[in-house]
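Position one of the sequence shown corresponds to residue 0 (numbering that gives the first Met the number 0), numbered consecutively onward.
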Amino acid sequence: MTCTKSGSNYAVLTSSKSFSCGNAYPWFMHEHGAMILGQRTSGGACAIRITSAAGVEFACSAASSHIVSESGENVDIGCPLDADLMTDGENPYENFCDLSLISQKMNEFFAAG
Numbered sequence: 000m001t002c003t004k005s006g007s008n009y010a011v012l013t014s015s016k017s018f019s020c021g022n023a024y025p026w027f028m029h030e031h032g033a034m035i036l037g038q039r040t041s042g043g044a045c046a047i048r049i050t051s052a053a054g055v056e057f058a059c060s061a062a063s064s065h066i067v068s069e070s071g072e073n074v075d076i077g078c079p080l081d082a083d084l085m086t087d088g089e090n091p092y093e094n095f096c097d098l099s100l101i102s103q104k105m106n107e108f109f110a111a112g
């Protein structure tokens with residue numbers, strides 16, 4: 000399944016500051032054909048489970064559980080990239096604001112199919 004709607008292509012811009020839900024969302028989009036670009040996420044995926052104590056149910060982080068992708072990969076390791084935008088120098092994130100470069104990378108990704 001590709002991630003298009005009305006002929007539009009989708010991409011998710013990520014960084015190492017993306018973790019937990021900020022890691023789970025790119026994984027979901029990755030599995031549905033969106034392009035992932037920027038910097039690899041830090042991991043985690045909000046593995047929440049319902050448990051109980053003294054007869055009271057509550058939700059908690061699942062330290063002994065992890066979320067896996069549709070293909071069985073552990074998403075806690077961070078989402079793979081289709082295009083790395085990091086640069087060397089004073090501002091390693093400067094390409095994150097370069098809309099021409101991002102458009103070029105997206106065009107190349109979606110043209111390759």
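For each residue, glycine too, the CB sits at the ideal point set by N, CA and C.
No experiment lies behind these values; they were computed from the predicted model shown.
Here's the rule I'm using: 16 or more other beta-carbon atoms within 10 Å means buried, otherwise exposed. How should Ser-17 be labelled? Numbered from 1 along the sequence shown, position 18 holds the residue referred to as residue 17. Counting C-beta atoms within 10 angstroms of its own C-beta, Ser-17 has 16 or more neighbours from the protein chains shown and is therefore classed as buried.
Strictly by DSSP, which residues pair up with Ser-17? Locating residue 17 in the sequence shown gives position 18, where the first residue counts as 1. Per DSSP, none; premise fails for Ser-17.
Going straight from the alpha carbon of Val-74 to that of Phe-57, what length do you get? Your numbering for residue 74 matches position 75 in the sequence shown. Your numbering for residue 57 matches position 58 in the sequence shown. Answer to the nearest angstrom: the Cα atoms are 24 Å apart.
With a CB to CB cut of under 7 Å and the five nearest residues on each side skipped, what residues in its chain are close to Asn-33? Taking the first residue of the sequence shown as 1, we reach residue 33 at position 34. First, the residue type needs correcting, since residue 33 is Ala and not Asn in the sequence shown. Contacts found: Cys-2, Tyr-9, Ala-10, Val-11.
Mind checking whether Ile-35 and Thr-13 have CB atoms under 8 Å apart? Residue 35 sits at position 36 when you count from the first residue of the sequence shown. Residue 13 sits at position 14 when you count from the first residue of the sequence shown. Contact flag set, yes.
Distance CB(Gly-88)-CB(Arg-39) smaller than 8 Å: Here the question's residue 88 lines up with position 89 in the sequence shown. Here the question's residue 39 lines up with position 40 in the sequence shown. Taking 8 Å as the cut-off, the beta carbon of Gly-88 is found no closer than this to the beta carbon of Arg-39.
Secondary structure of Ile-101, DSSP reduced to three states: Within the sequence shown, the letter at position 102 stands for residue 101. In the structure shown, Ile-101 sits in a helix (DSSP, three-state: H, G or I).
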